[in-house]
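So the sequence shown is numbered by our numbering: it starts at 3 and just counts up by one.
Beneath this line is the structure, given in C-alpha cells, with notes to follow.
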Amino acid sequence: GRRIIVVDETEMKDDLVQDMIIVLTSFCARLYGRRLAKNRAKKIIEGIEKC
3 GRRIIVVDET
13 EMKDDLVQDM
23 IIVLTSFCAR
33 LYGRRLAKNR
43 AKKIIEGIEK
53 C
C-alpha cells in the first residue's frame, strides 16, 4: 500500500535505487529488531523460570 512519487527525473535510476535500498534496510532492521527483542524477552523469561 505504498506509492513512490518521482519529483525530479534527472538521475532517476540512481536516486530510486538508493531510496529503495534505504527503505528495504529500514524494513529489515525493524523485522530483525522485533525478532531480537522477542528472543531476548524469551531468554529472560526462561532465566526467571529456572530460578
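Glycine is no exception: its CB is placed at the ideal position from the N, C-alpha and C atoms.
It should be emphasised that the depicted structure is a prediction, and the values quoted were computed from it without experimental measurement.
- Just so you know, the alpha carbons of Asp16 and Val25 end up roughly 14 Å apart.
- Leaving aside the five residues that flank Ile23 on each side, none in its chain has a CB nearer than 6 Å to its CB.
- Minimum Cα-Cα distance from Asp10 among the listed residues Leu18, Arg4, Gly3 corresponds to Leu18.
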